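Student: Next up is a structure, given as structure tokens.
Structural data, given as structure tokens:
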């Protein structure tokens, strides 16, 4: 993964602008091109909400232009050298899709929450589709950046995307301490627990899964691209959702990196349940690969 071109979207909310600031920080560090896009409701939508007012679209475009100019100026002051911005009229999904088609970004950055008419840009249905269908990694910003990432958690399921997750972790969080985390469970373990098997019995039953996870993580880290890197490892027994949150909180992680799971039509619509939960509820920024 390289970051030659970064595309960032904002609705001018605090976290929308935080996404732009994070994108600018990364663009400055990697000497990337940065494109900023803002979606403005169409005239028909404005008429439906506010009533017919021929001057309203023009006024909104002027205000949006001023806000974008300020964001471009701030990005330039951060150190980003090649920054451009555009206002798109219509749905946020279409605006971002059109921008991505013309710009071919290596990374898309969006905010965790939007507000008002443009909340569709963020973690509603539109953003879920963006996360699931984007041709490049998507970074979900949850806070105003104070600097480079310091503690990154690479959540691997040991499936086909695990190498890409780890590669993205060491690139986006280039100056962070990276911990590789995997949570495992044995097949039918929940049924055993429901039937009253003891924790000791379940631990013995799941031991082969633990050993297999250790071997798989070791094989992943043995890839030439990862050799020599100071990567920490956390392999834990339990359901991935609470386990990964616990590890992230324990480490004080400011970035979690996770992969989209599989490639079926259903998974394209809803992503993997674990990745979706992370994107919605993680205590820090989330990079979906």
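Residue numbers (our numbering): 261 to 549.
For every residue, glycine included, the Cβ atom is placed at its ideal position computed from N, Cα and C.
Source: prediction; values computed, not measured.
1) Does the region 539-546 come close enough to the region 443-451 to have 3 or more Cβ pairs within less than 8 Å?
2) Determine whether the beta carbon atoms of residue 424 and residue 440 lie at a separation below 7 Å.
3) For residue 524, count neighbouring C-beta atoms within 10 Å of its own C-beta (all shown protein chains included) and say buried if the count is 16 or more, exposed if not.
4) Spatial neighbours of residue 409 within its chain, please: C-beta separation below 6 Å, excluding the five flanking residues on both sides.
5) Leaving out the 5 sequence neighbours to the left and right, which residues in its chain are closer than 7 Å to residue 321 when beta-carbon positions are compared?
6) Taking the alpha-carbon positions, what's the residue 504 to residue 455 distance?
7) Take residue 427 and list the residues in its own chain whose beta-carbon comes closer than 6 Å to its own, dropping the five residues that flank it on each side.
8) Would you identify the three-state DSSP class for residue 320, choosing helix, strand or coil?
9) Taking DSSP as the reference, what is the three-state secondary structure of residue 295?
10) Whether or not the region 321-338 and the region 350-365 are in contact is what I'm after, with contact meaning three or more pairs of Cβ atoms, one per stretch, closer than 8 Å; do they touch?
11) Does residue 349 come out as helix, strand or coil in the three-state DSSP assignment?
12) Less than 7 Å between the C-beta atoms of residue 278 and residue 469, yes or no?
13) Run through the DSSP bridge pairs and tell me what residue 493 is partnered with.
14) Roughly how many whole angstroms lie between the Cα atoms of residue 281 and residue 296?
15) Could you tell me which residues DSSP pairs with residue 300 in its beta bridges?
16) Kindly give me the distance between the Cβ atoms of residue 221 and residue 401, rounded to whole angstroms, as I take these residues to be in contact under 8 Å.
17) Can you give the beta carbon distance from residue 547 to residue 397, rounded, assuming they're within the 8 Å contact cut?
18) Report the residue from 370, 535 and 519 whose alpha carbon sits nearest the alpha carbon of residue 232.
19) Write down the C-beta distance between residue 266 and residue 367 rounded to the nearest angstrom, noting that I regard them as a contact closer than 8 Å.
20) To which residues of the same chain is residue 509 closer than 8 Å at the C-beta, ignoring the five residues directly before and after it?
21) Mind checking whether residue 500 and residue 443 have CB atoms under 7 Å apart?
22) Taking the alpha-carbon positions, what's the residue 394 to residue 493 distance?
23) Give the single residue among 491, 506 and 342 whose Cα lies nearest to the Cα of residue 497.
24) Restricting to Cα atoms, I'd like to know which of 338, 476, 274 and 502 is closest to residue 289.
25) Using CA atoms only, rank isn't needed, just tell me which of 351, 344 and 431 is closest to residue 286.
26) Would you mind sorting residue 293 into buried or exposed? The rule is 16 or more other CB atoms within 10 Å of its CB.
27) Check whether the Cβ atoms of residue 369 and residue 399 lie closer than 7 Å to each other.
28) Count the other CB atoms within 10 Å of the CB of residue 276; is the residue buried (16 or more) or exposed (fewer)?
29) Quick one: what does DSSP say residue 325 is sitting in, helix, strand or coil?
30) Do residue 517 and residue 429 have their beta-carbon atoms positioned less than 7 Å apart in this structure?
Tutor: The short version:
1) no
2) no
3) Caution is warranted here: a pLDDT of 45 is assigned to residue 524, below 50, making its placement in the model unreliable, and the coordinate value is therefore given only provisionally. Label assigned to residue 524: exposed.
4) 433, 436, 514 and 515
5) 300 and 347
6) 26 Å
7) Leaving aside the five residues that flank residue 427 on each side, the residues in its chain whose CB is nearer than 6 Å to its CB run, in chain order, 261.
8) helix
9) strand
10) As far as the Cβ criterion goes, the region 350-365 does not touch the region 321-338, which means the pair count is below three.
11) strand
12) Cβ distance not < 7 Å, so residue 278 and residue 469 don't count as in contact.
13) 440
14) 11 Å
15) 349.
16) One cannot answer for residue 221 here, as it falls past the ends of the chain, which runs 261 to 549.
17) 6 Å between Cβ atoms; contact.
18) Lying before the first or after the last residue shown, residue 232 is absent from the chain, which here runs from 261 to 549.
19) 5 Å
20) If we look at residue 509 and ignore the five residues flanking it on each side, its Cβ neighbours are 543.
21) yes
22) 29 Å
23) From the listed residues 491, 506 and 342, the smallest Cα separation to residue 497 is found for 506.
24) 338
25) 431
26) A residue is called buried once 16 or more other Cβ atoms fall within 10 Å of its Cβ, and residue 293 is buried on that count.
27) yes
28) buried
29) helix
30) yes
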